[in-house]
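Written out below as structure tokens is the structure these notes cover.
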Amino acid sequence: LALQGPKAEEILAKVADPALIPAGYYTANFDGSIKGIPCVLSRTGYTGEDGFEIYMPADKAADVWEILIEAGKEEGLIPCGLGARDTLRMEAAMPLYGHDMNDDISPKIAGLGFAIKMDKPDFIGKAAIEAATPLKERRVGIKVTGRGIIREECDVYRDGEKIGHITSGTFLPYLNGSYGMAIVESAKREIGAPVQVDVRGRKIDAEMVKLPFYKREQ
Numbered sequence: 001l002a003l004q005g006p007k008a009e010e011i012l013a014k015v016a017d018p019a020l021i022p023a024g025y026y027t028a029n030f031d032g033s034i035k036g037i038p039c040v041l042s043r044t045g046y047t048g049e050d051g052f053e054i055y056m057p058a059d060k061a062a063d064v065w066e067i068l069i070e071a072g073k074e075e076g077l078i079p080c081g082l083g084a085r086d087t088l089r090m091e092a093a094m095p096l097y098g099h100d101m102n103d104d105i106s107p108k109i110a111g112l113g114f115a116i117k118m119d120k121p122d123f124i125g126k127a128a129i130e131a132a133t134p135l136k137e138r139r140v141g142i143k144v145t146g147r148g149i150i151r152e153e154c155d156v157y158r159d160g161e162k163i164g165h166i167t168s169g170t171f172l173p174y175l176n177g178s179y180g181m182a183i184v185e186s187a188k189r190e191i192g193a194p195v196q197v198d199v200r201g202r203k204i205d206a207e208m209v210k211l212p213f214y215k216r217e218q
């Protein structure tokens with residue numbers, strides 16, 4: 001279960017020993033518990049906000065769910081599904097496998113270069129990454145300035161020339177607009193430049209913008 005949001009730690013501390021709650025992001029405590037139920041408490045998530053991913057025995061999942069929902073009533077905790085999570089990961093420009101990254105998209109193009117240590121003597125894929133440098137394509141944010149919702153695989157045009165395609169796109173309620181992530185030719189990638197996105201044969205006005213679309217306060 002993922003407990004996410006600015007008040008996630010406050011809620012979790014009501015039902016778990018605060019001393020066992022991981023302090024640093026991308027860290028975990030494998031000996032945690034919630035109301036006596038053994039749990040792995042991981043300070044991770046896929047929303048762009050602070051939060052936790054909680055692992056428990058399958059037969060205790062419903063119990064942990066009810067405990068968390070009850071603990072978060074005062075803070076306004078509500079259940080959310082994958083659709084809501086997808087808009088949140090989009091705001092934070094987090095890539096989704098099968099969309100923004102796959103076997104044909106290198107980690108550097110997908111924005112995951114920080115996870116690659118090129119100073120290592122060797123690793124599987126190092127030669128392929130070196131051969132693809134400098135990058136011919138790069139990731140960029142797309143903000144719709146016209147009317148319409150952009151979706152995966154829609155082509156992106158600049159000055160009438162196709163320069164790339166959308167890898168993920170949707171309407172983002174928090175930002176009240178249509179946004180997408182795209183992979184475009186490096187030479188044509190320019191923040192602030194106007195582009196058009198082909199949605200079922202209709203060209204929608206947009207512009208290239210920096211990623212992420214939203215960044216939480218630290």
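For the sequence shown, the positions run 1 to 218 when the UniProt record's numbering is used.
Glycine included, each C-beta is placed from N, C-alpha and C at the ideal position.
Apart from the five residues just before and just after residue i, which ones in its own chain have a Cβ nearer than 6 Å to its Cβ?
i: Arg39; result: The displayed chain sequence assigns Cys, not Arg, to residue 39. So the qualifying residues of the chain are Gly32, Ser33, Ile54, Met56.
i: Pro212; result: Ala92, Ala93
i: Phe171; result: Ile149, Ser178
Under three-state DSSP, which class holds residue i?
i: residue 243; result: The shown model of the chain, from 1 to 218, leaves out residue 243, and the question about it has no answer.
i: Ala13; result: helix
i: Asp155; result: strand
i: Ile124; result: coil
i: Glu130; result: helix
With DSSP as the reference, please indicate the residues paired to residue i in a beta bridge.
i: Ser33; result: Pro38
i: Tyr214; result: Partner(s): none; Tyr214 has no beta bridge.
i: Lys143; result: Tyr179, Glu207
i: Met101; result: Tyr97
Between which two residues does the beta strand (DSSP E) harbouring residue i extend?
i: Asp43; result: What sits at residue 43 in the sequence shown is Arg, not Asp. That residue, Arg43, is in no beta strand (DSSP E); it is neither H nor E in DSSP.
i: Asp205; result: 202-209
i: Ala84; result: Careful: Ala84 lies outside any beta strand (DSSP E), inside the alpha helix (DSSP H) at 82-91.
i: Ser168; result: 161-172
i: Asp198; result: 194-199
i: Ala110; result: Ala110 -> no beta strand (DSSP E), and no H or E assigned at all.
i: Gly51; result: 51-55
i: Ala2; result: 2-4
In the DSSP assignment, the alpha helix (DSSP H) including residue i goes from what residue to what residue?
i: residue 233; result: Residue 233 cannot be examined here, being either before or after the span of the chain that is shown, 1 to 218.
When you compare the CB positions of residue i and residue j, do they come within less than 8 Å of one another, or not?
i: Asp50; j: Glu75; result: no
i: Leu209; j: Ala182; result: The sequence shown places Val at residue 209, rather than the Leu named in the question. No, these two residues do not count as a Cβ contact at 8 Å.
i: Lys60; j: Ile37; result: yes
i: Met101; j: Ala115; result: no
i: Leu68; j: Leu112; result: no
i: Leu135; j: Ser168; result: no
i: residue 242; j: Arg158; result: This structure cannot settle anything about residue 242, because the visible part of the chain is limited to 1 through 218.
i: Leu193; j: Val144; result: Correcting the residue type first, residue 193 is Ala in the shown sequence and not Leu. Not in contact: Ala193 and Val144 (Cβ atoms no closer than 8 Å).
Would you please verify whether the beta carbon of residue i is less than 8 Å from any beta carbon of chain B?
i: Pro38; result: Absent from the structure is chain B; it holds one protein chain and no more.
Just to confirm my understanding: we take residue i, look at its own chain, exclude 5 residues before and 5 after, and list those with CB closer than 7 Å. What are they?
i: Glu153; result: His165, Ile166
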